[in-house]
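The structure under discussion appears below in the form of structure tokens.
Chains as they are written, first to last, in the working numbering: chain A, 7 to 122; chain B, 33 to 327.
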């Protein structure tokens, strides 16, 4: 369940940035980018998010997760293919692939508001 | 919280130094509260760049605040979730490099024989090498006590509910262990083939241990771990006559996930194949010393 510590990192990171905006800033929405090959389950992040945000500047915030598909460049035929597993092969038969996307684990943005 | 990089203490983690050869845990000193001076002593050494870093952060905060005022309520962050761990791992890596310490992160599922392999390695090499150990487990001092019995220095990190070691826990363990220059640090991670793959500790290499009593398809069932590791030790090969385990297929699976992975077939029980693993270890130590000698 590494998703728990990842979610805690997300909350810490967003809470710190919200505090920079002012002590009364509340976070209403957080957008994450999670790659399909990142070894992280979006559902597990959602499960942890409510628990981790309680009594923080993110309390009640909505979590949006943008899933990024795995894409790889083939070093043999120079084509680009979609990959759903780390050991997928290219249509040309080559296993010589370099991932170009799908390993993302990023906080993209958050929405904030001043509370009265 | 550290104002430079925003790191904070992880709750529920216990770090125990086994101080004497006496195996009773009552003689162990348990540090529930983190020794801040020790932690930051370690930390400060890695913070030679703290000034520029600090200013850059403030400037970006101002930009973000300005951005939020101009564009309503959306704040662009574009920040890696693992950035904090990565930052702390780089501190650890610099700390090892300055001291010519070879640090290896030993990962596997529970019961692969990590601790037995470590005990054998320490006993066989202790005349030639200074080996120190950081043990990671959710609970108990059992593994640290086994390692302590070999006569080497050991720190036990109990992660509580945590399923992996992270770079901050390792830094806190290092502050207590204080391994000597030119030594080897073996970090026995929590037995888990999933989570530790994501958390860089600052080690030079991950070494994954797979025993032949497990399934031969583990490398493709848990590809992240085998992809992140530089070496695979296929352990318990003395049991092969009693098992249906296709060694060649297992190695082919590992190479499918990670074409560059080095594989050694070993038995920590009988000693078979251990010489090849020690050969790899010696080559890595030599490389580490060459790096330290560079101006």
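Think of the CB as a built atom: it goes at the ideal place given N, C-alpha and C, for glycine as much as any other residue. What you are looking at is a predicted structure, and each value in this text was computed from that prediction instead of being measured.
Check                                                                                                                          : Outcome
Assigned secondary structure, residue 148 of chain B (DSSP; H/G/I helix, E/B strand, else coil)                                : helix
When B:273, B:305, B:172 and B:150 are compared against residue 164 of chain B, the one with the closest alpha-carbon          : B:150
Runs of beta strand (DSSP E) wholly within the region 184 to 265 of chain B (minimum 3 residues, chain order)                  : 186 to 190, 216 to 220 and 237 to 243
Span of the beta strand (DSSP E), counted from its first residue to its last, around residue 108 of chain B                    : 106 to 112
Proximal residues, the region 105 to 123 of chain B versus chain A, C-beta separation under 7 Å                                : 105, 106, 107, 108, 109, 110, 111, 112, 113, 114 and 116
Proximal residues to residue 288 of chain B (C-beta, below 6 Å), its chain only, five neighbours per side dropped              : none
Local Cβ density within 10 Å of residue 159 of chain B, reported as buried at 16 or more and exposed below that                : exposed
Residue environment, residue 30 of chain A, which counts as buried when at least 16 other CB atoms sit within 10 Å             : exposed
C-beta neighbour in chain A for residue 322 of chain B, strict 7 Å                                                             : no
Contact under 7 Å by Cβ, residue 17 of chain A with residue 64 of chain A                                                      : yes
Cβ-based contacts, 7 Å cut-off: residues of the region 45 to 64 of chain A near chain B                                        : 45
Sequence-distant residues of the same chain with beta carbon closer than 6 Å to residue 213 of chain B, five excluded per side : 131 and 132
Beta-carbon proximity of residue 50 of chain B to residue 180 of chain B, cut-off 7 Å                                          : yes
Distance CB(residue 244 of chain B)-CB(residue 275 of chain B) smaller than 7 Å                                                : yes
Beta carbon proximity, residue 77 of chain B to chain A, threshold 7 Å                                                         : Unreliable positioning characterises residue 77 of chain B in this predicted model, as indicated by a pLDDT of 34, which lies under 50. The coordinate reading is nonetheless provided below. Judged by the 7 Å Cβ criterion, residue 77 of chain B is not in contact with chain A.
Buried versus exposed, by CB contacts within 10 Å (16 or more), residue 197 of chain B                                         : buried
Minimum Cβ-Cβ distance from residue 142 of chain B to chain A less than 7 Å                                                    : no
Closest residue to residue 231 of chain B among B:137, B:126, B:141 and B:45 (Cα-Cα distance)                                  : B:137
8 Å Cβ cut-off: residues of chain A touching residue 194 of chain B                                                            : 11
Beta carbon proximity, residue 106 of chain A to chain B, threshold 7 Å                                                        : no
Burial state of residue 104 of chain A (16 or more Cβ within 10 Å)                                                             : exposed
Cutoff 7 Å: residue 230 of chain B Cβ touching any chain A Cβ                                                                  : yes
Chain B within 7 Å of residue 32 of chain A, Cβ atoms only                                                                     : no
Sub-7 Å separation of residue 205 of chain B and residue 44 of chain B beta-carbons                                            : no
C-beta atoms of residue 300 of chain B and residue 145 of chain B nearer than 7 Å                                              : yes
According to DSSP, residues forming a beta bridge with residue 165 of chain B                                                  : B:186 and B:218
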